[in-house]
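Protein chains in written order, with the numbering used here: chain U, 1 to 125; chain D, 1001 to 1257.
C-beta: ideal position from N, C-alpha, C; glycine also.
The next block holds one structure in the form of structure tokens; read it before the comments.
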Amino acid sequence: MFNQSAKDMTGKEAETIIGPSVKVKGNFQGEGNIIIEGIVEGNVKTSKNLLIGNKAKITANVEAGEAKIGGEIIGNIKVNGYLEIISSAKILGDVEATEISIAKGAILNGKCIMPGMKNIDKEKT
Amino acid sequence: MNIYLYDSIITTKAYDKIMARIETRITDLGLSGKIIRLNLMQSVEETIENEIKKGASTIVAVGSNKLFCFAMNAMAKMVALNLTNKKTPLGFIPIGRNNKLADFLGLSYETNACDTLSARRIEKFNLGQVNNYYFLRQAAITTDQTRLEIDDNYTLEFLEKGEVMIINLPTTEDQSNIKRLNAGGSNLGLFIKTQKSRYLTPLGRSINKSFFPFKKLRVYNERSELSLDEAFKIPLPVEVGSAKEKINLIIGKKLQL
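Following this line, the structure appears as structure tokens:
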């Protein structure tokens, strides 16, 4: 799970930090925690934690172990564990996660897919 | 035998007294050897190759950061070409002040550096490689018009002015992520510092930092050159990665690692 403060993630826990002044184009894949505060065009993938800052702009499909999203994303998001969407987030794309929290003020335009619904559909039939 | 390579700068009269003190100290410590006074016509690489073939036990660069880096490059190339037994260490007697490599290696300056040579504390270091050149601490270039390709997977462009540093051996708290990742010494790290223009943020400029670990990096810039260990510059484009070759260096007690 993420610590509440982004500062903790920045200093010690992140393997990769994409700062506000950097633009990444292409397939970005990391093994550890990633913090994105800049611009990304392409794909983003990590098996660990992903933190997207509130000024980040991402035009990419995103895949992570867990994620906390505060910026703009045009693309699909797939998270294996917990996905936290905070109030500054603007997402245009589908979202898939095991657990989701969406704060008041966040914007989400797309499908929201969670594995728990599949079992309920099977029981009805 | 100890081989002392004298930088062309220190053979001038201004350095006579300093060099006399250094040579006396070397003799007192029983470290006497062969002195080679380099000039513009002599190649550091050829000189070192000849001396190692003759059986030099230690090579000591006496002078500037630049000479030390040239000597380090020469010895790394000899290791790459299998022309040396790989054990010959490189020492350094820095002359002058503000020598960042000397500070990093925990070396004293001038006469005091001779005592460090005598202690003969040797450490093996990984090197970074940029085309056919090597660097010990870092390579750096401005972000202005620089484009980077990382691991053949993605590219980086920069929206603010600043500096791109390719880190082999981190030294500052800023580069602490790299310290943690580089414990095994296998990967280099890319550390980027930028600042917004003061006209856009009149009340104060915040520094933005980015960090990327990588295995292979290509650097492109048509205007600027890549600076290696703040000693010399090479033109672009270049390919950067961890060198297979390692080098033995004589270090001081206060190595900054």
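So what does DSSP say about residue i, is it helix, strand or coil?
i, result
"N1248 (chain D)", "strand"
"K48 (chain U)", "coil"
"K23 (chain U)", "strand"
"E1049 (chain D)", "helix"
"E99 (chain U)", "strand"
"A1303 (chain D)", "There is no way to answer for residue 1303 (chain D), as the model of chain D reaches only from 1001 to 1257."
"S1227 (chain D)", "strand"
"R1021 (chain D)", "helix"
"L1084 (chain D)", "Here the sequence assigns Thr to residue 1084 (chain D), which means Leu is not the residue at that position. Of the three classes helix, strand and coil, the one that applies to T1084 (chain D) here is coil, per DSSP."
"T1171 (chain D)", "coil"
"M1165 (chain D)", "strand"
"K1034 (chain D)", "strand"
"T16 (chain U)", "strand"
"N43 (chain U)", "strand"
"A1071 (chain D)", "helix"
"T1111 (chain D)", "helix"
"Q4 (chain U)", "Residue placement at Q4 (chain U) cannot be trusted, given a pLDDT of 40 that sits under 50; the coordinates are not used to answer."
"I1003 (chain D)", "strand"
"T1194 (chain D)", "strand"
"I74 (chain U)", "strand"
"G1184 (chain D)", "Reliability of the predicted coordinates at G1184 (chain D) is poor, the pLDDT of 43 falling under 50, and the value obtained from them is presented with this limitation in mind. Helix."
"N1126 (chain D)", "strand"
"N1132 (chain D)", "coil"
For residue i, does the count of other Cβ atoms within 10 angstroms reach 16, so buried, or fall short, so exposed?
i, result
"R1223 (chain D)", "exposed"
"E72 (chain U)", "buried"
"S1206 (chain D)", "exposed"
"R1120 (chain D)", "exposed"
"K111 (chain U)", "exposed"
"M1001 (chain D)", "exposed"
"P1089 (chain D)", "buried"
"I130 (chain U)", "A question about residue 130 (chain U) goes unanswered here, because the residues of chain U that appear run from 1 up to 125."
"R1137 (chain D)", "buried"
"A1020 (chain D)", "exposed"
"K1053 (chain D)", "exposed"
"N1065 (chain D)", "buried"
"T1027 (chain D)", "exposed"
"L1148 (chain D)", "buried"
"K68 (chain U)", "buried"
Could you check whether the Cβ of residue i sits closer than 9 Å to any Cβ belonging to chain U?
i, result
"N1153 (chain D)", "yes"
"N1208 (chain D)", "yes"
"T1146 (chain D)", "no"
"T1111 (chain D)", "no"
"P1213 (chain D)", "yes"
"K1196 (chain D)", "yes"
"L1117 (chain D)", "no"
"T1143 (chain D)", "yes"
"E1163 (chain D)", "no"
"L1107 (chain D)", "no"
"G1184 (chain D)", "Because G1184 (chain D) sits at a pLDDT of 43, beneath the cut-off of 50, its placement in the model cannot be relied upon, and the point is left open."
"I1166 (chain D)", "no"
Give the single residue among the options whose Cα lies nearest to the Cα of residue i.
i, options, result
"R1025 (chain D)", "D:E1110, D:T1143, D:F1232, D:V1079", "D:E1110"
"S1258 (chain D)", "D:K1087, D:L1169, D:V1060, D:N1153", "For residue 1258 (chain D) there is no data in the structure shown, the boundaries of chain D being 1001 and 1257."
"A89 (chain U)", "U:I17, U:K104, U:E96, U:N27", "U:K104"
"K57 (chain U)", "U:K68, U:E96, U:I74", "U:I74"
"P1237 (chain D)", "D:A1231, D:I1166, D:L1226, D:K1246", "D:L1226"
"F1211 (chain D)", "D:G1189, D:N1132, D:R1147", "D:G1189"
"F1214 (chain D)", "D:G1091, D:I1167, D:T1194", "D:I1167"
"A14 (chain U)", "D:N1248, D:I1009, D:A1056, D:K1209", "D:K1209"
"I52 (chain U)", "U:G26, U:G93, U:K25, U:L83", "U:L83"
"S21 (chain U)", "D:E1239, D:P1094, D:F1191, D:I1035", "D:F1191"
"V24 (chain U)", "U:N109, U:V95, U:V40, U:G65", "U:V40"
"L1040 (chain D)", "D:G1033, D:L1029, D:L1067, D:A1056", "D:L1067"
Cβ of residue i less than 9 Å from any chain D Cβ?
i, result
"G65 (chain U)", "no"
"T59 (chain U)", "no"
"T46 (chain U)", "no"
"G19 (chain U)", "yes"
"T98 (chain U)", "no"
"G38 (chain U)", "yes"
"V22 (chain U)", "yes"
"G26 (chain U)", "yes"
"M114 (chain U)", "no"
"A103 (chain U)", "no"
"G42 (chain U)", "yes"
Hey, is residue i's beta-carbon within less than 9 Å of any beta-carbon in chain B?
i, result
"E1160 (chain D)", "Among the chains of the structure shown, chain B does not appear; the protein chains present are U and D."
Discussion item. Counting beta carbon pairs with one atom in the region 46 to 64 of chain U and one in the region 25 to 35 of chain U, are three or more of them shorter than 8 Å?
Written reply: yes
Practice prompt. Pair every Cβ in the region 1056 to 1063 of chain D with every Cβ in the region 1003 to 1015 of chain D, then say whether three or more of these pairs are closer than 8 Å.
Written response: yes
Item to complete: For the region 1041 to 1048 of chain D and the region 1073 to 1080 of chain D, state whether three or more C-beta atom pairs, one from each stretch, are separated by less than 8 Å.
Response: yes
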